[in-house]
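*Asks:* Got a structure for you, questions after.
Protein chains in written order, with our numbering: chain A, 366 to 837; chain B, 366 to 837.
This is the structure we're talking about:
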């Protein structure tokens, strides 16, 4: 350890969800913490991911509400979108959350070091070049009894489709759109691709959604994925699955996207291509390998269930490790890492039971096993599907697409809960609790849901698995 | 038993929530059921209560969304309300739900007998005058091994303020308003009064809300009630508490409501007075007392924890008994009654832990003990309050009024969860589960909430009670 190094209980490399959660939780447990982040704290999630995406999707919700207002007896003119104003509000929300985060970190006496950090070969020192107000750079060395690596991820590109930020866009670029493009191809029908397609169709674009696999939202329960696909089609999104993208040609009128689909070779004229085919971990160039931190063949830092890397006292969390790339998973991993340092022997995150939220319209929320996964794992599976058409609040809201689907072991506990429809991303909280507490339909059937609520549909679904029922 | 009587396992008197839940759940358990109802099935809740109220409050939500649209970059004209159209949609929703209910009852082979039923002195026969298609009346006698009384309730009037349906309105009348009144006094600041005040202010009325007690929403946690009071005041509702209503005088310009308030005698000129001071049980005129069914001094049918009345084999559920007048409580009571008949020895409904939802803006959802109740009961109380200003989704939605408040026993289980703010009526489902499973903050602190969701605010609140925290 260098004699000039500052000493901390924990040094965190990266100020995104995994990093700031480690800092905040660790500080609340009494540890002294330094956190190194080149940009403003908050990471991808706050600046280029979840938050800006949901802000734009909220704008889409406002548009849809106005378009459907007449049915409720509310007259207003056809709405128009000024996306410049939406972007201003988005930045205000991000700014407010960032300031809140900065103030929390300050309140907990976390030393936030602005700069690009590198792990020194000793594995416990982060070296940071900090730019001073006068433009000069000062090198600071931060030594931690423990180190948490949380450098996050970046959008993955497709060969032949390099991001240019103008016509070929990553998620970073879509979230900063200065105007609504006329014709868009979204490549990748996963959670993020579906969110973009949903926003863009509501914003007025002509949208084609291309997916390499046989259906959109692979990994999501098939019935739920079908709800989204049908709803998208109804709203005008052209979905093509089992597609192999060839490349793009620039024409006078814009772009032509080449791909092979069910109908052979296609050339799709578009103005903009959005590539959302996943994110790659940012594990290079920060000295990790040089310090002996093992990195797997896909670039993820290898960790055990306690988030320990191959170097003693060095942890990794968030998008940098090969677990679900979700901010709340990063939070949970950060807590496991801190508890491990404290010798509290925490239980590892149960990745197959974490909640997922997809904020397209209709929304999707799920946790636990899909019906197919449960069968694959050999369970004797029972399911209960309750569509929204019978739920009074969904009818009142005019949001009756989708369902609650409960997957359970016959005469056993709940294995999974899958929701498509209104406020699915919030409703899943109750499903998550039930799955993670290994509740049985009999346990849950005793419980009461307020009437009239959307949450009743979960109640009806589990009650039906007891062999008796109320509304369905 | 009369030789002409039709025989059933259960005869249910009343087709509201308690009645139809008994019928549906009993039928799903294999019992033969007859249900007697004079009007269309569904009762107060479906035709004159929860459902139409929430439909109008959804209309108010549409109005508010449009008024706030510009902030999101969505331009539309100032909205106007044609309440006639709102009423048409409301009736369509009610009709759809009623048909759904009728079809469920039919599917489960419940004999629905349309007519006014009376309990015969034997306590087990319901005598019904059924009007035939040709106008003649046929008397049917339905004999049940068990009888469930579920005749419901009606709005309570105030002395000197008899309902006329034109200017002095009960909840029944408000829900059928043909136009938005200019100046309204709402008497009664309970859940229903607050819902009406919230709708009317959004619809454009000038609203004064009068409450006899020192605050609105008595019984609701005081901090939560204050959130609603402040939000109402900000939106222009004039709240007067500790008020004693004297009466009303008819003038050329409308009405003058006389009351004594903090500033002495007041005369308030209004166009319409809405009286929402509770509901009285409909226990008279149906032969209950004559058959030996004990009725308490306030008119409620006396029952034990298994919903058994003083007559063997006769049960009572719903608004007819002195328990919270909520449709979902009636559902739970009906299930307890049916299970009791089946000899299954069910646990009584835990009334102090049922969920409550109030659909005003901001919404309120709660269950379990308030902070004041917990202290009164001698608990060593800790609380955790997390306001919406720090929650990313609430900021995105621009709905930051209110909070999640968790009340727990020091080093013990959760005692109550109280939410004011966006989707509180849905979020309470998770709080309800936690309180009813007697979860501790340590149990709950291990759990993950999807980011960015409103449900995270509950997660943060319970996590903070473990002595450590993430965002707050």
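Note that beta-carbon positions come from the ideal geometry of N, C-alpha and C, so glycine has one too.
Would you decide whether residue 441 of chain B is buried or exposed? Buried here means 16 or more other CB atoms lie within 10 Å of its CB.
*Replies:* Classification of residue 441 of chain B: buried, given that the 10 Å Cβ count is 16 or more.
*Asks:* Mind checking which residues open and close the beta strand (DSSP E) that includes residue 750 of chain B?
*Replies:* Run containing residue 750 of chain B: 746 to 752, per the beta strand (DSSP E) assignment.
*Asks:* Relative to chain B, which residues along the stretch 434 to 457 of chain A have a C-beta separation below 8 Å, given in chain order?
*Replies:* Residues 434, 435, 436, 437, 438, 439, 440, 441, 442, 443, 444, 445, 446, 447, 448, 449, 450, 451, 452, 453 and 454.
*Asks:* Could you check where the alpha helix (DSSP H) with residue 390 of chain B kicks off and where it finishes?
*Replies:* Looking at the DSSP string, the run of the alpha helix (DSSP H) that includes residue 390 of chain B is 382 to 393.
*Asks:* Can you pull the chain B neighbours of residue 400 of chain A, defined as C-beta to C-beta under 7 Å?
*Replies:* In chain order: nothing, as chain B lies at least about 14 Å away.
*Asks:* State yes or no: is the beta carbon of residue 817 of chain A nearer than 9 Å to at least one beta carbon in chain B?
*Replies:* Judged by the 9 Å Cβ criterion, residue 817 of chain A is in contact with chain B.
*Asks:* Quick one: grab the DSSP three-state call for residue 614 of chain A.
*Replies:* Correct three-state label for residue 614 of chain A: strand.
*Asks:* Using beta carbons (cut-off 9 Å, strictly below), is residue 559 of chain B in contact with chain A?
*Replies:* False, the Cβ-Cβ gap to chain A never drops below 9 Å.
*Asks:* Could you round the C-beta distance between residue 551 of chain B and residue 639 of chain B to whole angstroms and report it? I think they count as a contact, below 8 Å.
*Replies:* So it is a contact: roughly 5 Å between Cβ atoms.
*Asks:* I'd like to know if the stretch 648 to 660 of chain A and the stretch 481 to 489 of chain A are in contact, where contact means that at least 3 CB-CB pairs between them fall below 8 Å.
*Replies:* Short answer: they touch.
*Asks:* State the beta-bridge partners of residue 783 of chain A as determined by DSSP.
*Replies:* A:731 and A:770, per the DSSP bridge assignment.
*Asks:* Does residue 721 of chain A get closer than 9 Å to chain B when you measure Cβ to Cβ?
*Replies:* Closer than 9 Å to some Cβ of chain B, the Cβ of residue 721 of chain A qualifies, so yes.
*Asks:* Quick one: is residue 628 of chain A buried, meaning 16 or more other Cβ sit within 10 Å of its Cβ, or exposed?
*Replies:* Classification for residue 628 of chain A: exposed.
*Asks:* Quick one, which residues of the stretch 786 to 811 of chain A are near chain B if we go by CB-CB under 8 Å, in chain order?
*Replies:* So the list reads 788, 790, 791, 792, 793, 794, 795, 797, 798, 799, 801, 802 and 811, given in the order they occur along the chain.
*Asks:* Contact between the stretch 787 to 803 of chain A and the stretch 761 to 777 of chain B is defined here as three or more beta-carbon pairs at a separation below 8 Å; is this criterion met?
*Replies:* These segments do not touch.
*Asks:* Going by beta-carbon coordinates alone, are residue 708 of chain B and residue 720 of chain B separated by less than 9 Å?
*Replies:* Not closer than 9 Å, so no.
*Asks:* Give the interface partners of residue 386 of chain A over in chain B, defined as CB-CB distance under 7 Å, in chain order.
*Replies:* Per Cβ cutoff of 7 Å: 835.
*Asks:* Taking the Cβ atom as the reference point for each residue, do residue 664 of chain B and residue 515 of chain B lie within a distance shorter than 9 Å?
*Replies:* No, the Cβ-Cβ distance between residue 664 of chain B and residue 515 of chain B is not below 9 Å.
*Asks:* Only counting the same chain, and skipping five residues up and downstream in sequence, which positions put a Cβ closer than 6 Å to that of residue 345 of chain A?
*Replies:* The structure shown does not extend to residue 345 of chain A, since chain A spans only 366 to 837, so no value can be given for it.
*Asks:* Kindly say whether residue 420 of chain B, judged by its beta-carbon, lies nearer than 9 Å to any beta-carbon of chain A.
*Replies:* Judged by the 9 Å Cβ criterion, residue 420 of chain B is in contact with chain A.
*Asks:* Please confirm if residue 751 of chain A has its CB atom under 9 Å from at least one CB of chain B.
*Replies:* Chain B contact via Cβ: absent.
*Asks:* Any idea what DSSP makes of residue 445 of chain A, helix, strand or coil?
*Replies:* In this structure, residue 445 of chain A counts as strand in the three-state DSSP scheme.
*Asks:* Between the stretch 577 to 594 of chain A and the stretch 663 to 679 of chain A, do three or more beta carbon pairs fall short of 8 Å?
*Replies:* They do not touch, by the three-pair rule.
*Asks:* Report back the beta-carbon spacing between residue 401 of chain A and residue 449 of chain A to the nearest angstrom; my notes put them in contact at under 8 Å.
*Replies:* The pair is not a contact, with the Cβ atoms about 34 Å apart (cut-off 8 Å).
*Asks:* Report the rounded CA-to-CA distance for residue 445 of chain B versus residue 568 of chain B, giving the unit in angstroms.
*Replies:* Roughly 9 Å separates the two Cα atoms.
*Asks:* Please confirm whether residue 778 of chain A has its beta-carbon closer than 9 Å to some beta-carbon of chain B.
*Replies:* Chain B contact via Cβ: absent.
*Asks:* By the DSSP assignment, the alpha helix (DSSP H) with residue 631 of chain A in it spans what residues?
*Replies:* Where residue 631 of chain A is concerned, there is no enclosing alpha helix (DSSP H), although the beta strand (DSSP E) it sits in stretches over 629 to 635.
*Asks:* Taking only three categories from DSSP, how would you classify residue 373 of chain B?
*Replies:* Note: residue 373 of chain B maps to strand in three-state DSSP.
*Asks:* Kindly indicate which three-state DSSP category residue 604 of chain B falls into: helix, strand or coil?
*Replies:* It is a strand residue.
*Asks:* Which same chain residues, not among the five before or five after residue 493 of chain A, have their C-beta less than 6 Å away from its C-beta?
*Replies:* Same-chain partners within the cutoff: 401, 478, 480, 482 and 505.
*Asks:* Could you say which of B:434, B:752 and B:810 lies nearest to residue 897 of chain B if we only look at CA atoms?
*Replies:* Here chain B comprises residues numbered 366 to 837, so residue 897 of chain B is not present and cannot be evaluated.
*Asks:* Of all the options A:416, A:543 and A:702, which has the alpha carbon lying nearest to the alpha carbon of residue 386 of chain A?
*Replies:* Nearest of A:416, A:543 and A:702 to residue 386 of chain A, Cα basis: A:702.
*Asks:* Tell me whether residue 684 of chain B is buried or exposed, calling it buried when 16 or more other Cβ atoms sit within 10 Å of its Cβ.
*Replies:* By the neighbour-count rule (16 or more Cβ atoms within 10 Å), residue 684 of chain B is buried.
*Asks:* At least one CB of chain B closer than 9 Å to the CB of residue 692 of chain A: is that the case?
*Replies:* Judged by the 9 Å Cβ criterion, residue 692 of chain A is in contact with chain B.
*Asks:* Just the chain A side, please: which residues come within less than 8 Å of residue 814 of chain B by C-beta, in chain order?
*Replies:* Here the neighbours are 693, 720, 794 and 797.
*Asks:* Locate the alpha helix (DSSP H) running through residue 479 of chain A, then write down its first and last residues.
*Replies:* No alpha helix (DSSP H) contains residue 479 of chain A, which is instead part of the beta strand (DSSP E) from 476 to 479.
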